[in-house]
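Visitor:
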Amino acid sequence: MRRILPLLLILPALAGCSRVSSLMPGRSSGARGYDLQELTVSSPIFGEIIRAAAVCQMPVSLTAQDRAARIEAGALLAFARQGGEAARNQYLASVQPPAFDPARRGQDRSQYCGQKRLDVERADTFLNGAEGQALAERADNARRALGQ
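Using mature numbering (1 follows the signal peptide of the UniProt record, and there is no 0), the letters of the sequence shown map in sequence onto residues -15 to -1, 1 to 133.
(1) What do you get for residue 86, buried or exposed, if any count of 16 or more other CB atoms within 10 angstroms of its CB means buried?
(2) Between which residues of its own chain and residue 59 is the CB-CB distance below 6 Å, once the five residues before and five after are set aside?
(3) Just tell me which of 64, 101, 29 has its CA closest to the CA of residue 39.
(4) Locate the alpha helix (DSSP H) running through residue 64, then write down its first and last residues.
(5) Work out the CA separation of residue 62 and residue 83 for me, nearest whole Å.
(6) Going by alpha carbons, who is nearest to residue 116 out of 43, 56, 35?
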């Protein structure tokens, strides 16, 4: 539940908001064109949702998948820069879907997927839009600045 709460708070706003920067803490409009805190906040949201879509066999456009991957690549470098390999690995573990219990015969998976459906749709819409493109470009800038 701890991981879901931020999604529930941020994603509805992302879907209807044309100013992602106003939602992201620490967002700077400086000349460098990226903000590491923005990446470390947005990447877990999109990382978890894109993985949920895959597990639940929900459609997500290639554009959204590409942009989410670019955002995550920038965030992985930021996490590694801030806390080393342990922080990067902790991030990767945090965005994985839960382990489903085979004894429940898919009931837990069905419940999980039902809870994620709207988030997946909103993330796909956001990432396909101008705000998603801009966020992916800032992530690319961060990757270049961090030397990758």
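Ideal Cβ positions, reconstructed from N, Cα and C, are used throughout, including at glycine.
As the structure is a prediction and not an experimental result, all values here were calculated from the model.
Guide: Reading off the structure:
(1) exposed
(2) 24, 124, 127, 128
(3) 101
(4) 47 to 79
(5) 24 Å
(6) 56
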